[in-house]
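Engineer: Take the sequence shown: its letter number 16 is residue 21 in my numbering, and every next letter is one higher. Input: one structure, supplied below.
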Amino acid sequence: MPQYEYICEEDGEVITLLRPMREADAPVPDPTGKGRRFIRRHSTFAVTESGRTVSLPTGGGGCACGNPHGPCGH
Numbered sequence: 006m007p008q009y010e011y012i013c014e015e016d017g018e019v020i021t022l023l024r025p026m027r028e029a030d031a032p033v034p035d036p037t038g039k040g041r042r043f044i045r046r047h048s049t050f051a052v053t054e055s056g057r058t059v060s061l062p063t064g065g066g067g068c069a070c071g072n073p074h075g076p077c078g079h
């Protein structure tokens with residue numbers, strides 16, 4: 006089952022839930038019962054190999070080749 010992160014619009018608290026994909030954007034009840042509203046946020050993660058931690062990029066460049074300065078014709 007996929008894991009999704011939700012952020013509270015009022016105070017920025019982040020919670021993680023395991024839910025079916027069909028329920029990814031369904032309303033999330035406030036775990037503290039205070040009636041706060043949570044919305045799904047884009048999740049990021051890291052991969053560890055041989056004791057090294059490598060963060061994955063959160064955004065791409067302006068071109069298919071990854072050039073952050075814009076299209077280069079590829």
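C-beta atoms are modelled at their ideal positions from N, C-alpha and C, and glycine is treated no differently. On a predicted model such as this, the values are computed, not experimentally measured, just so you know.
Grab the span of the beta strand (DSSP E) containing residue 43 for me, first residue to last.
Structural biologist: Run containing residue 43: 43-46, per the beta strand (DSSP E) assignment.
Engineer: So, with DSSP's three-state summary, where would you put residue 15?
Structural biologist: coil
Engineer: For residue 33, which option in 50, 14 and 49 has the closest C-alpha, if you only look at C-alpha atoms?
Structural biologist: Minimum Cα distance to residue 33 is reached at 14.
Engineer: If you draw a straight line from the alpha carbon of residue 6 to that of residue 12, how long is it in whole angstroms?
Structural biologist: If I take the Cα positions, the gap works out to 20 Å.
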